[in-house]
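Visitor:
Numbering (the working numbering), first residue to last: 34 to 541.
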């Protein structure tokens, strides 16, 4: 039996964060944004906190901040956008394209001057305010051709300067932060025309910058462990790359170029305008040489909102098929899985539980699957582990040895800390709400419909006890299913509905 395999698009759009998010998104009342042309909307705080927003974006429509604060918000949020097109972290380190551009240093100075004292119309509080940064595109791009710097050391210098600004905001009462990584601008038309060597170089230095950003944010949070409640990093790369990689399926007519008639903006703000000689504007990924359209910002903001909404550890539910003649007793398989379970648990901070099921095929051979139930701080945290060198090494071992293959993966909105496995000998699971409800070929079936969180009562001797029952929706983009799990103690299971699959605890 199979359950829904997470599509690449779904997986990437849920790829999000490292760090914890203690400020609940539903409780956020103020959003302060800092950044460059990907973020600015033309707002001028020096004209007053109530001055109009001119909607001067680089997206031919709303950008991610406007979508996040006005479409994917869970409460009334007041947005103060201090970003400036062309911004770098510090103009003294990386000059912008013109001297009037406000760097992050300048933007933080504006916050201190106009907003730190919480004037009328901007009565923010440490407990209800999120400070969001998307910066680095111009720092990386403007310095890409420099030969008098050493990377990534220069990026460390930039991060030191960024950290001083974060320290300043922290001293003024900022407690919750959001950071976006530099997106894959190596795939923008501006880079593509430089040829393969140029794009490969830009891809490399973007990765170096993003790694330094992660290190700096982690250090900043550790430095202010008593005051900074959360510092979340949202990785923009998977969102961009997945949309670009699936252009045909998503209806984009061009992801490597743009229509020149649209490059400076065209038609109504955020509408799918079309001019002669071009496809509708929303059919393109890029508005011009560097900037994505409002549709991309919409997708990005939706993914960010999903990340910020999670308030408890999620549950990973995955299954892998053993490749014959591999069995649960195959030494190389057992040793590899044991190493992988220890490494994942050390990375995630949550236990790693393994279950198995076996089905006899018509020819008498056994089809064996193993199931992983584990916890993660977020979907993004899991995908960061997946791409880590250690996990790649482990999965490479299984692949090269021909021991097993991935069957399916789902991330569930079930608080992993509520799942107890101490007495658990078996779990019956089923998928709810799918039009193509299918089962994996596990042991026989299970059921008795029980409410969420229902625990055991008295049972006959020799019968398994119900330990707990939980349901949770799939968090993966585009998924609509719910999953139900019923945990049993050791003993005989009663008659169970065929909708369920029973998997047995396997102790490595």
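Cβ coordinates follow ideal geometry from the N, Cα and C atoms, glycine included. It should be emphasised that the depicted structure is a prediction, and the values quoted were computed from it without experimental measurement.
Do residue 500 and residue 530 have their CB atoms nearer than 9 Å?
Guide: The residue you call residue 500 lines up with position 467 of the chain shown. The residue you call residue 530 lines up with position 497 of the chain shown. Not in contact: residue 500 and residue 530 (Cβ atoms no closer than 9 Å).
Visitor: What is the DSSP secondary structure of residue 54, counted as helix, strand or coil?
Guide: Here residue 54 is taken as the residue at index 21 of the chain shown, counted from 1. Any answer about residue 54 is weak, because its pLDDT of 48 lies below 50 and its placement is not dependable; what the coordinates show is given next. In this structure, residue 54 counts as coil in the three-state DSSP scheme.
Visitor: On a CA-only basis, which of 364, 445, 539 and 80 is nearest residue 465? Give me that one, please.
Guide: As a position in the chain shown, residue 465 is number 432, starting the count at 1. Comparing Cα-Cα distances from residue 465 to each of 364, 445, 539 and 80, the minimum goes to 445.
Visitor: Just list the residues that DSSP pairs residue 319 with in beta bridges.
Guide: Position 286 of the chain shown, counting from 1, holds the residue named residue 319. Looking at the DSSP assignment, residue 319 forms a beta bridge with 325.
Visitor: In this structure, how does DSSP classify residue 156 when only helix, strand and coil are distinguished?
Guide: Counted from its first residue, the chain shown places residue 156 at position 123. The answer is coil: DSSP assigns residue 156 none of H, G, I, E or B.
Visitor: Check whether the segment 397 to 414 and the segment 379 to 388 touch, using three or more Cβ-Cβ pairs below 8 Å as the test.
Guide: With a cut-off of 8 Å, the segment 379 to 388 and the segment 397 to 414 count as touching, because enough Cβ pairs lie within range.
Visitor: Are the beta-carbon atoms of residue 108 and residue 120 separated by less than 9 Å?
Guide: Within the chain shown, the letter at position 75 stands for residue 108. Within the chain shown, the letter at position 87 stands for residue 120. Against a cut-off of 9 Å, the Cβ pair of residue 120 and residue 108 comes out as no contact.
Visitor: Compute the Euclidean distance between the alpha carbons of residue 462 and residue 504, then round it to the nearest angstrom.
Guide: The count along the chain shown starts at 1 and reaches residue 462 at position 429. The count along the chain shown starts at 1 and reaches residue 504 at position 471. Taking the straight line from one Cα to the other gives about 10 Å.
Visitor: Give, in chain order, every unbroken run of the beta strand (DSSP E) that is at least 3 residues long and sits entirely within the segment 246 to 330.
Guide: Fully enclosed beta strand (DSSP E) runs of 3 or longer: 263 to 267.
Visitor: Any idea which residues DSSP pairs residue 163 with across the strands?
Guide: For the purposes of this step, residue 163 is identified with residue 130 of the chain shown, where counting begins at 1. Beta-bridge pairing links residue 163 to 64 and 209.
Visitor: Whose C-alpha, out of 168, 93 and 104, is nearest the C-alpha of residue 115?
Guide: Numbered from its first residue, the chain shown carries residue 115 at position 82. The shortest C-alpha separation from residue 115 is found at 168.
Visitor: Taking residue 356 as the reference, which of 276, 439, 424 and 207 has the closest Cα?
Guide: As a first step, residue 356 must be located in the chain shown, where it is residue number 323. The candidate whose alpha carbon is nearest that of residue 356 is 439.
Visitor: Taking the Cβ atom as the reference point for each residue, do residue 93 and residue 298 lie within a distance shorter than 9 Å?
Guide: Counting from 1 along the chain shown, the entry for residue 93 is found at position 60. Counting from 1 along the chain shown, the entry for residue 298 is found at position 265. Cβ atoms of residue 93 and residue 298: closer than 9 Å.
Visitor: Can you give me the C-alpha to C-alpha distance between residue 272 and residue 336, rounded to a whole angstrom?
Guide: Locating residue 272 in the chain shown gives position 239, counting from the first residue. Locating residue 336 in the chain shown gives position 303, counting from the first residue. Distance between the alpha carbons of residue 272 and residue 336: 8 Å.
Visitor: Return the CA-CA distance between residue 423 and residue 417, expressed in angstroms with no decimal places.
Guide: For the purposes of this step, residue 423 is taken as residue 390 along the chain shown, with counting starting at 1. For the purposes of this step, residue 417 is taken as residue 384 along the chain shown, with counting starting at 1. Cα to Cα, residue 423 sits roughly 11 Å from residue 417.
Visitor: Whole angstroms is fine: what's the gap from residue 284's alpha carbon to residue 311's?
Guide: The residue given as residue 284 occupies position 251 in the chain shown. The residue given as residue 311 occupies position 278 in the chain shown. Roughly 14 Å separates the two Cα atoms.
Visitor: Since residue 268 and residue 214 should fall inside the 8 Å C-beta cutoff, what is the C-beta to C-beta distance between them, to a whole number of angstroms?
Guide: Here residue 268 refers to the residue found at position 235 when the chain shown is read from its first residue. Here residue 214 refers to the residue found at position 181 when the chain shown is read from its first residue. Indeed they touch by this definition, with Cβ atoms about 5 Å apart.
Visitor: Rounded C-beta distance between residue 86 and residue 98? I'm assuming under 8 Å.
Guide: Stepping through the chain shown from its first residue, residue 86 is reached at position 53. Stepping through the chain shown from its first residue, residue 98 is reached at position 65. So it is not a contact: roughly 10 Å between Cβ atoms.
Visitor: By a C-beta neighbour count over all protein chains shown, 10 Å radius and 16 as the cutoff for buried, is residue 258 buried or exposed?
Guide: By 1-based counting over the chain shown, the position of residue 258 is 225. With fewer than 16 other Cβ atoms within 10 Å, it is exposed.
Visitor: On the three-state DSSP scale, how would you describe residue 418?
Guide: One-based indexing of the chain shown puts residue 418 at position 385. Looking at residue 418 - three-state DSSP - the assignment turns out to be helix.
Visitor: Does the beta-carbon distance from residue 539 to residue 419 come in below 9 Å?
Guide: Here residue 539 refers to the residue found at position 506 of the chain shown. Here residue 419 refers to the residue found at position 386 of the chain shown. It is not a contact, given that the beta carbons lie outside the stated cut-off.
Visitor: Which term fits residue 102, buried or exposed, when burial requires 16 or more other beta carbons within 10 angstroms of its beta carbon?
Guide: For the purposes of this step, residue 102 is taken as residue 69 along the chain shown, with counting starting at 1. Buried, by the Cβ-count rule.
Visitor: Beta-carbon within less than 6 Å of residue 532's beta-carbon, same chain only, minus the 5 sequence neighbours each way: which residues are those?
Guide: The sequence position of residue 532 within the chain shown is 499, counting from 1. The residues are 463.
Visitor: Residue 521 and residue 460 - do their beta-carbons sit closer together than 9 Å?
Guide: Here residue 460 corresponds to residue number 427 of the chain shown, with the count starting at 1. Here residue 521 corresponds to residue number 488 of the chain shown, with the count starting at 1. Contact flag set, yes.
Visitor: Quick one: which unbroken beta strand (DSSP E) runs of 3-plus residues sit fully inside the segment 343 to 368? Chain order, please.
Guide: Runs of the beta strand (DSSP E) inside the segment 343 to 368: 347 to 355.
Visitor: Using the beta-carbon count (16 or more within 10 Å), is residue 479 buried or exposed?
Guide: Along the chain shown, read from residue 1 onward, the residue named residue 479 stands at position 446. Low confidence applies to residue 479: its pLDDT is 38, below 50, so where it sits in the model is not reliable enough to give any reading.
Visitor: Output the distance between the C-alpha atoms of residue 230 and residue 315, rounded to the nearest integer angstrom.
Guide: Taking the first residue of the chain shown as 1, we reach residue 230 at position 197. Taking the first residue of the chain shown as 1, we reach residue 315 at position 282. Between residue 230 and residue 315, the C-alpha separation is close to 30 Å.
Visitor: In whole angstroms, what separates the C-alpha of residue 208 from that of residue 56?
Guide: Taking the first residue of the chain shown as position 1, residue 208 is located at position 175. Taking the first residue of the chain shown as position 1, residue 56 is located at position 23. Residue 208 and residue 56: Cα-Cα distance of roughly 9 Å.
Visitor: Should residue 224 and residue 232 be called a contact, given that it needs their Cβ atoms to be closer than 9 Å?
Guide: As a first step, residue 224 is located in the chain shown; it is residue number 191 there, counting from the start. As a first step, residue 232 is located in the chain shown; it is residue number 199 there, counting from the start. Yes, the Cβ-Cβ distance between residue 224 and residue 232 is below 9 Å.
Visitor: Have a look at 541, 162 and 528 and flag the residue whose alpha-carbon is nearest the alpha-carbon of residue 261.
Guide: The residue labelled residue 261 in the question sits at position 228 within the chain shown. Checked all of 541, 162 and 528; the closest Cα to residue 261 is 162.
Visitor: Determine the DSSP secondary structure at residue 393, reduced to helix, strand or coil.
Guide: Taking the first residue of the chain shown as 1, we reach residue 393 at position 360. Of the three classes helix, strand and coil, the one that applies to residue 393 here is strand, per DSSP.
Visitor: As a quick exercise: from 305, 345 and 519, pick the residue whose alpha carbon is nearest that of residue 412.
Guide: Residue mapping note: residue 412 aligns to position 379 of the chain shown, counting from 1. Residue 412 has its Cα closest to that of 345, out of 305, 345 and 519.
Visitor: Going by beta carbon distance, what residues of the same chain come within less than 6 Å of residue 134, once the five residues before and after it are set aside?
Guide: Taking the chain shown and counting its residues from 1, the one referred to as residue 134 is at position 101. Answer for residue 134: 117, 119 and 120, listed in chain order.
Visitor: Going by DSSP, what residues sit across from residue 525 in a beta bridge?
Guide: Translated into the one-based positions of the chain shown, residue 525 becomes position 492. Note: residue 525 sits in a beta bridge opposite 496.
Visitor: Which stretch, first to last residue, makes up the alpha helix (DSSP H) that contains residue 201?
Guide: The residue you call residue 201 lines up with position 168 of the chain shown. That run of the alpha helix (DSSP H) goes 186 to 204.
Visitor: Could you tell me which of 291, 377 and 341 sits nearest to residue 64, measuring between CA atoms?
Guide: Within the chain shown, the letter at position 31 stands for residue 64. Selected option, being the one with the closest Cα: 341.
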